[in-house]
Amino acid sequence: EVLDTAVETVPIEAMVKLGEEMITAVTNHTPGIICEAEVSKGVISVRILNSRGGQADYRKSFFSLSIEGSLIKGTDMLFVGEGESSCHPLAESRTVTDRVLHQLELAKDRASVPTRSLPVVFTPNGVAAMMMPLMVAFNGKTVLEGASPIGDRLGQTVFDEKFWLWDDPTIAYQPGSRPCDDEGIPSQRTPLVEGGTVANFLYDLQTAALANTRSTGNGSRSRGGLPAPSPSAFTIAPGTATLDEMVNDIKEGLVIEQLMGAGQGNILGGDFSGNVLLGYKVENGEIVGRVKDTMVAGNVYQVLKDIAAIGSETRWVGGFLRTPHLYCPSLSVASK
(Lines of atoms letter the chains of each structure in order from A; the text may use other names.)
(Lines give C-alpha, C1' and ligand atoms only; values in the text may rest on other atoms or scores of the structure.)
Protein backbone atom coordinates (compact mmCIF):
# COMPACT_ATOMS: atom_id res chain seq x y z
CA GLU A 37 0.00 0.00 0.00
CA VAL A 38 1.40 3.37 -1.04
CA LEU A 39 -1.74 5.49 -1.35
CA ASP A 40 -3.47 7.40 1.43
CA THR A 41 -6.21 9.53 -0.12
CA ALA A 42 -6.30 11.65 3.06
CA VAL A 43 -3.20 13.42 1.71
CA GLU A 44 -5.33 15.07 -0.98
CA THR A 45 -7.67 16.61 1.60
CA VAL A 46 -5.00 18.32 3.73
CA PRO A 47 -5.62 22.08 3.27
CA ILE A 48 -2.83 24.47 2.37
CA GLU A 49 -3.54 26.39 5.58
CA ALA A 50 -2.69 23.31 7.66
CA MET A 51 0.57 22.87 5.75
CA VAL A 52 1.49 26.53 6.31
CA LYS A 53 0.76 26.09 10.01
CA LEU A 54 3.11 23.08 10.18
CA GLY A 55 5.89 25.13 8.59
CA GLU A 56 5.32 28.04 10.94
CA GLU A 57 5.31 25.72 13.95
CA MET A 58 8.70 24.30 12.96
CA ILE A 59 10.25 27.74 12.46
CA THR A 60 8.79 29.06 15.74
CA ALA A 61 10.06 26.07 17.73
CA VAL A 62 13.61 26.47 16.43
CA THR A 63 13.83 30.28 16.59
CA ASN A 64 12.39 30.34 20.12
CA HIS A 65 15.12 27.93 21.19
CA THR A 66 17.94 29.76 19.38
CA PRO A 67 17.30 33.45 18.67
CA GLY A 68 19.20 34.69 15.64
CA ILE A 69 19.04 31.45 13.70
CA ILE A 70 17.81 31.78 10.12
CA CYS A 71 15.36 29.03 9.21
CA GLU A 72 13.70 27.72 6.09
CA ALA A 73 10.88 25.19 6.36
CA GLU A 74 9.27 23.17 3.59
CA VAL A 75 6.02 21.21 3.65
CA SER A 76 4.89 19.40 0.51
CA LYS A 77 2.32 16.83 -0.55
CA GLY A 78 1.10 15.16 -3.70
CA VAL A 79 -0.39 12.13 -5.39
CA ILE A 80 1.42 10.48 -8.28
CA SER A 81 -0.40 8.42 -10.91
CA VAL A 82 1.64 5.83 -12.81
CA ARG A 83 0.50 3.77 -15.79
CA ILE A 84 2.81 1.44 -17.68
CA LEU A 85 2.07 -0.13 -21.08
CA ASN A 86 4.38 -2.07 -23.37
CA SER A 87 4.16 -3.44 -26.90
CA ARG A 88 3.66 -7.00 -25.66
CA GLY A 89 0.39 -6.26 -23.92
CA GLY A 90 1.83 -5.81 -20.45
CA GLN A 91 0.30 -3.13 -18.29
CA ALA A 92 0.37 -1.89 -14.71
CA ASP A 93 -0.97 1.15 -12.93
CA TYR A 94 -1.00 2.53 -9.43
CA ARG A 95 -1.28 5.75 -7.45
CA LYS A 96 1.09 6.83 -4.69
CA SER A 97 0.77 9.65 -2.17
CA PHE A 98 3.54 11.52 -0.41
CA PHE A 99 3.74 14.06 2.38
CA SER A 100 7.00 15.55 3.58
CA LEU A 101 8.23 18.26 5.89
CA SER A 102 11.71 19.54 6.59
CA ILE A 103 13.52 22.43 8.18
CA GLU A 104 17.03 23.81 7.83
CA GLY A 105 18.68 26.43 9.97
CA SER A 106 21.90 28.41 9.86
CA LEU A 107 23.45 30.37 12.71
CA ILE A 108 26.29 32.67 11.67
CA LYS A 109 28.50 34.48 14.16
CA GLY A 110 31.50 36.06 12.48
CA THR A 111 33.42 33.27 10.78
CA ASP A 112 31.60 30.57 12.74
CA MET A 113 28.77 28.95 10.79
CA LEU A 114 26.46 26.31 12.23
CA PHE A 115 24.08 24.34 10.00
CA VAL A 116 21.31 22.12 11.34
CA GLY A 117 18.42 20.38 9.66
CA GLU A 118 16.02 17.46 9.66
CA GLY A 119 13.12 16.08 7.66
CA GLU A 120 10.48 13.39 7.56
CA SER A 121 8.37 11.89 4.80
CA SER A 122 5.55 9.40 4.49
CA CYS A 123 2.69 8.30 2.26
CA HIS A 124 0.39 9.35 5.13
CA PRO A 125 -0.34 12.96 6.07
CA LEU A 126 1.98 14.20 8.83
CA ALA A 127 -0.17 15.98 11.37
CA GLU A 128 2.55 17.27 13.67
CA SER A 129 6.14 18.42 13.33
CA ARG A 130 7.52 17.75 16.78
CA THR A 131 9.54 14.70 15.77
CA VAL A 132 11.49 16.83 13.30
CA THR A 133 11.91 19.90 15.50
CA ASP A 134 12.96 17.82 18.52
CA ARG A 135 15.85 16.41 16.49
CA VAL A 136 16.90 19.90 15.38
CA LEU A 137 16.74 21.22 18.94
CA HIS A 138 18.86 18.28 20.06
CA GLN A 139 21.43 19.17 17.39
CA LEU A 140 21.47 22.77 18.63
CA GLU A 141 21.95 21.67 22.24
CA LEU A 142 24.91 19.44 21.35
CA ALA A 143 26.41 22.23 19.23
CA LYS A 144 26.37 24.92 21.93
CA ASP A 145 29.99 24.35 22.93
CA ARG A 146 32.98 24.16 20.60
CA ALA A 147 35.59 21.43 20.66
CA SER A 148 38.56 20.35 18.56
CA VAL A 149 39.85 16.95 17.52
CA PRO A 150 43.40 15.87 16.61
CA THR A 151 44.50 14.89 13.11
CA ARG A 152 44.75 11.12 13.28
CA SER A 153 42.61 8.01 13.08
CA LEU A 154 39.71 8.14 15.53
CA PRO A 155 36.64 6.05 16.33
CA VAL A 156 33.54 7.50 14.68
CA VAL A 157 29.81 7.01 15.17
CA PHE A 158 27.71 7.79 12.10
CA THR A 159 24.12 8.88 12.78
CA PRO A 160 21.49 7.82 10.20
CA ASN A 161 22.08 11.11 8.36
CA GLY A 162 25.81 10.43 8.39
CA VAL A 163 25.34 6.88 7.11
CA ALA A 164 23.24 8.20 4.20
CA ALA A 165 26.14 10.40 3.07
CA MET A 166 28.34 7.38 2.35
CA MET A 167 25.77 5.09 0.72
CA MET A 168 26.42 6.14 -2.88
CA PRO A 169 29.34 3.71 -3.42
CA LEU A 170 27.15 0.79 -2.31
CA MET A 171 24.26 1.85 -4.55
CA VAL A 172 26.63 1.89 -7.51
CA ALA A 173 28.36 -1.38 -6.57
CA PHE A 174 25.12 -3.38 -6.32
CA ASN A 175 23.77 -1.97 -9.60
CA GLY A 176 23.54 -4.81 -12.13
CA LYS A 177 24.67 -2.54 -14.95
CA THR A 178 27.88 -1.68 -13.07
CA VAL A 179 28.41 -5.38 -12.38
CA LEU A 180 28.00 -6.30 -16.07
CA GLU A 181 30.45 -3.60 -17.08
CA GLY A 182 33.03 -5.11 -14.73
CA ALA A 183 33.28 -1.84 -12.79
CA SER A 184 31.81 -3.02 -9.48
CA PRO A 185 34.44 -3.96 -6.87
CA ILE A 186 32.11 -6.69 -5.61
CA GLY A 187 30.81 -7.86 -8.99
CA ASP A 188 32.79 -11.12 -8.88
CA ARG A 189 32.29 -11.75 -5.18
CA LEU A 190 28.75 -13.11 -5.09
CA GLY A 191 28.51 -15.56 -2.20
CA GLN A 192 31.71 -14.27 -0.61
CA THR A 193 32.11 -12.46 2.70
CA VAL A 194 32.99 -8.83 1.99
CA PHE A 195 31.49 -7.04 4.98
CA ASP A 196 31.33 -7.50 8.75
CA GLU A 197 29.14 -10.45 9.73
CA LYS A 198 26.93 -8.04 11.70
CA PHE A 199 26.04 -6.20 8.49
CA TRP A 200 22.77 -7.05 6.69
CA LEU A 201 21.42 -4.98 3.80
CA TRP A 202 18.45 -5.35 1.51
CA ASP A 203 16.42 -3.33 -0.96
CA ASP A 204 12.74 -3.40 -0.03
CA PRO A 205 10.17 -1.34 -1.94
CA THR A 206 7.34 -3.46 -0.46
CA ILE A 207 7.23 -1.66 2.91
CA ALA A 208 3.77 -0.13 3.25
CA TYR A 209 3.31 3.63 3.06
CA GLN A 210 6.94 4.57 2.54
CA PRO A 211 7.86 7.04 -0.24
CA GLY A 212 10.51 4.68 -1.62
CA SER A 213 8.01 1.84 -2.01
CA ARG A 214 5.97 0.95 -5.07
CA PRO A 215 3.86 -2.04 -6.26
CA CYS A 216 6.02 -2.52 -9.35
CA ASP A 217 9.04 -1.00 -11.04
CA ASP A 218 8.96 1.20 -14.14
CA GLU A 219 8.88 -1.88 -16.39
CA GLY A 220 5.85 -3.37 -14.64
CA ILE A 221 7.81 -6.03 -12.75
CA PRO A 222 6.30 -6.62 -9.27
CA SER A 223 8.36 -5.18 -6.43
CA GLN A 224 10.18 -7.57 -4.12
CA ARG A 225 12.43 -7.58 -1.10
CA THR A 226 15.93 -8.31 -2.42
CA PRO A 227 18.64 -9.31 0.08
CA LEU A 228 21.97 -7.75 -0.92
CA VAL A 229 24.18 -8.57 2.07
CA GLU A 230 23.42 -11.40 4.49
CA GLY A 231 25.69 -11.66 7.49
CA GLY A 232 28.45 -9.87 5.59
CA THR A 233 28.08 -12.06 2.48
CA VAL A 234 27.17 -10.60 -0.92
CA ALA A 235 23.80 -12.18 -1.78
CA ASN A 236 22.40 -10.43 -4.87
CA PHE A 237 22.64 -7.52 -7.26
CA LEU A 238 19.88 -5.24 -8.56
CA TYR A 239 18.64 -5.79 -12.11
CA ASP A 240 16.12 -4.47 -14.60
CA LEU A 241 14.89 -6.61 -17.52
CA GLN A 242 17.77 -5.84 -19.87
CA THR A 243 20.63 -6.30 -17.41
CA ALA A 244 18.96 -9.42 -15.98
CA ALA A 245 18.78 -10.98 -19.45
CA LEU A 246 22.44 -10.17 -20.10
CA ALA A 247 23.38 -11.68 -16.72
CA ASN A 248 21.22 -14.76 -17.37
CA THR A 249 19.06 -14.12 -14.32
CA ARG A 250 15.69 -12.57 -13.48
CA SER A 251 14.83 -8.93 -12.90
CA THR A 252 14.70 -7.94 -9.24
CA GLY A 253 12.05 -5.31 -10.02
CA ASN A 254 14.50 -2.42 -9.93
CA GLY A 255 13.94 -0.92 -13.38
CA SER A 256 13.75 2.85 -13.09
CA ARG A 257 13.36 5.44 -15.82
CA SER A 258 12.67 9.08 -16.50
CA ARG A 259 10.48 10.28 -19.33
CA GLY A 260 13.51 10.96 -21.49
CA GLY A 261 15.51 7.76 -21.15
CA LEU A 262 15.55 3.98 -21.15
CA PRO A 263 15.07 1.98 -17.94
CA ALA A 264 18.13 1.22 -15.82
CA PRO A 265 18.63 -0.58 -12.50
CA SER A 266 18.22 1.60 -9.43
CA PRO A 267 17.68 0.95 -5.71
CA SER A 268 14.30 1.76 -4.24
CA ALA A 269 14.57 1.61 -0.46
CA PHE A 270 17.84 0.44 1.08
CA THR A 271 17.41 -1.03 4.56
CA ILE A 272 20.23 -1.81 6.98
CA ALA A 273 19.32 -4.25 9.74
CA PRO A 274 19.49 -2.94 13.32
CA GLY A 275 21.98 -4.25 15.84
CA THR A 276 21.91 -4.38 19.62
CA ALA A 277 23.74 -1.25 20.81
CA THR A 278 22.24 2.05 21.91
CA LEU A 279 23.79 5.37 20.92
CA ASP A 280 24.72 6.00 24.55
CA GLU A 281 26.58 2.68 24.70
CA MET A 282 28.54 3.55 21.56
CA VAL A 283 29.48 7.00 22.86
CA ASN A 284 30.39 5.62 26.29
CA ASP A 285 32.83 3.24 24.62
CA ILE A 286 34.85 6.08 23.04
CA LYS A 287 37.74 7.75 24.86
CA GLU A 288 38.28 10.28 22.06
CA GLY A 289 36.37 10.37 18.79
CA LEU A 290 33.55 11.81 16.72
CA VAL A 291 29.82 11.58 16.18
CA ILE A 292 29.05 12.61 12.59
CA GLU A 293 25.60 14.01 11.88
CA GLN A 294 26.12 15.60 8.46
CA LEU A 295 28.87 15.22 5.85
CA MET A 296 29.35 17.60 2.93
CA GLY A 297 30.97 16.44 -0.32
CA ALA A 298 31.21 12.77 0.64
CA GLY A 299 30.35 11.71 -2.92
CA GLN A 300 33.30 13.49 -4.53
CA GLY A 301 35.82 10.67 -4.15
CA ASN A 302 36.40 7.50 -6.16
CA ILE A 303 32.84 6.19 -5.87
CA LEU A 304 33.49 2.99 -7.84
CA GLY A 305 36.36 2.16 -5.51
CA GLY A 306 34.27 2.90 -2.43
CA ASP A 307 36.29 5.91 -1.34
CA PHE A 308 34.60 8.82 0.39
CA SER A 309 35.83 12.02 1.98
CA GLY A 310 34.08 15.14 3.10
CA ASN A 311 33.83 18.06 5.45
CA VAL A 312 32.04 17.44 8.71
CA LEU A 313 29.18 19.90 8.30
CA LEU A 314 27.77 18.91 11.67
CA GLY A 315 29.62 16.67 14.08
CA TYR A 316 30.50 16.41 17.75
CA LYS A 317 33.61 15.48 19.67
CA VAL A 318 33.42 12.61 22.14
CA GLU A 319 35.73 12.71 25.14
CA ASN A 320 35.81 10.06 27.85
CA GLY A 321 32.42 8.71 26.85
CA GLU A 322 30.63 12.05 26.61
CA ILE A 323 29.78 14.47 23.80
CA VAL A 324 31.58 17.69 24.71
CA GLY A 325 30.91 20.02 21.77
CA ARG A 326 30.73 20.71 18.06
CA VAL A 327 33.79 20.39 15.84
CA LYS A 328 34.76 22.88 13.15
CA ASP A 329 37.14 22.75 10.15
CA THR A 330 37.23 18.96 10.26
CA MET A 331 37.38 16.40 7.46
CA VAL A 332 37.08 12.63 7.40
CA ALA A 333 38.15 10.17 4.73
CA GLY A 334 37.79 6.44 4.33
CA ASN A 335 36.60 3.55 2.22
CA VAL A 336 33.08 2.27 2.65
CA TYR A 337 34.20 -1.36 2.24
CA GLN A 338 36.80 -0.99 4.97
CA VAL A 339 34.32 0.80 7.23
CA LEU A 340 31.68 -1.90 6.77
CA LYS A 341 34.23 -4.72 7.06
CA ASP A 342 35.09 -3.77 10.64
CA ILE A 343 32.03 -2.49 12.51
CA ALA A 344 32.35 -2.07 16.25
CA ALA A 345 28.60 -1.87 16.82
CA ILE A 346 25.30 -1.27 15.05
CA GLY A 347 22.49 0.74 16.63
CA SER A 348 19.35 -0.96 17.88
CA GLU A 349 16.99 1.64 16.40
CA THR A 350 16.55 2.51 12.73
CA ARG A 351 15.27 5.66 11.06
CA TRP A 352 14.27 6.61 7.54
CA VAL A 353 16.45 9.20 5.83
CA GLY A 354 15.10 10.90 2.73
CA GLY A 355 12.58 8.14 2.10
CA PHE A 356 15.23 5.97 0.38
CA LEU A 357 17.27 4.60 3.29
CA ARG A 358 16.36 3.07 6.64
CA THR A 359 19.42 2.74 8.83
CA PRO A 360 20.62 2.61 12.43
CA HIS A 361 23.71 4.33 13.82
CA LEU A 362 27.00 2.70 12.78
CA TYR A 363 30.08 2.67 15.02
CA CYS A 364 33.40 2.56 13.15
CA PRO A 365 36.45 1.84 15.36
CA SER A 366 38.90 3.84 13.21
CA LEU A 367 38.57 6.51 10.53
CA SER A 368 41.04 9.07 9.21
CA VAL A 369 40.29 12.53 10.64
CA ALA A 370 41.97 15.81 9.69
CA SER A 371 41.41 19.05 11.58
CA LYS A 372 42.87 22.56 11.41
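Okay, so the sequence shown: first residue is 37 according to the numbering used here, each after it adds one.
By construction, the Cβ of each residue, glycine as well, lies at the ideal position given by its N, Cα and C atoms.
Excluding five sequence neighbours on each side, which residues of the same chain lie with their C-beta closer than 8 Å to the C-beta of residue i?
i    : result
V157 : L279, M282, V283, I286, G289, L290, V291, I292, V318, H361, L362, Y363, C364
P215 : V38, A92, Y94, P222, S223
S348 : P274, G275, T276, A277, T278, P360
P47  : none
S209 : At residue 209 the sequence reads Tyr, which differs from the Ser that was named. Correct list, in chain order: E37, V38, D40, S122, C123, H124.
I323 : L142, V283, V291, Y316, K317
G321 : V283, N284, D285, I286, K287
Who are the near neighbours of residue i in its chain, counting only those whose CB is closer than 6 Å to its CB and skipping five residues on each side?
i    : result
S100 : S76, S121
L367 : V156, V332, G334
E104 : E72, G117
M166 : A298, F308, V336
I80  : K96
P160 : R351, V353, T359
L304 : A183
P263 : D218, E219, D240, G255, R257
A42  : P125
P265 : N175, G176, K177, L238, Y239, D240, T243, N254
G355 : S121, P211, G212
G231 : E197
When DSSP labels each residue in this structure, what does residue i get in the three-state scheme?
i    : result
Q242 : helix
R225 : coil
V339 : helix
M113 : strand
G325 : strand
P365 : strand
G176 : helix
R214 : coil
N311 : strand
L201 : strand
P360 : coil
G206 : For clarity, residue 206 is Thr in the given sequence; the question names Gly instead. Three-state DSSP puts T206 in coil, outside helix and strand.
T350 : coil
P155 : strand
R250 : coil
K144 : coil
L85  : strand
G260 : coil
D40  : coil
G162 : helix
E219 : coil
D134 : helix
V149 : coil
Anyone know if the C-beta pair for residue i and residue j falls short of 8 Å?
i    : j    : result
L295 : F115 : no
G212 : S129 : no
F98  : L201 : no
T233 : G191 : yes
L180 : A245 : no
G310 : T330 : no
S184 : T193 : no
L137 : V62  : yes
P169 : G306 : yes
R225 : T243 : no
H124 : D188 : no
R135 : V369 : no
L154 : H65  : no
E328 : R83  : The sequence shown places Lys at residue 328, rather than the Glu named in the question. Not in contact: K328 and R83 (Cβ atoms no closer than 8 Å).
Assign residue i to one of two classes, buried (16 or more other C-beta atoms within 10 Å of its C-beta) or exposed (fewer than that).
i    : result
I59  : buried
I272 : buried
V229 : buried
K144 : exposed
K372 : exposed
I108 : exposed
D203 : buried
L126 : buried
R326 : buried
T111 : exposed
V52  : exposed
R88  : exposed
T384 : In the structure as shown, the chain begins at 37 and stops at 372. Residue 384 is therefore absent and cannot be evaluated.
P67  : exposed
S251 : buried
Which same chain residues end up closer than 7 Å to residue i when comparing Cβ atoms and leaving out the 5 residues on each side of it in sequence?
i    : result
L85  : Q91
E57  : S129
I357 : This sequence places Leu at residue 357; Ile is not what is there. Closer than 7 Å at the Cβ level, and outside the excluded window around L357, lie A164, M167, F270.
K4   : Lying before the first or after the last residue shown, residue 4 is absent from the chain, which here runs from 37 to 372.
P227 : W202, A235, N236
I186 : A173, V194, V234
I70  : G105, S106
G119 : S100, L101, S102, V132
L54  : V75, L101, S129
Going by the C-beta, is residue i closer than 7 Å to any heavy atom of the ligand ZN?
i    : result
R189 : Absence of the ligand ZN is noted for the structure shown, with no ligands found whatsoever.
Assess contact between the segment 233-242 and the segment 169-181, defined as three or more Cβ pairs (one per stretch) separated by less than 8 Å. Is contact present? yes
Please confirm if the segment 202-221 is in contact with the segment 248-265, defined as three or more CB-CB distances below 8 Å between the two stretches. yes
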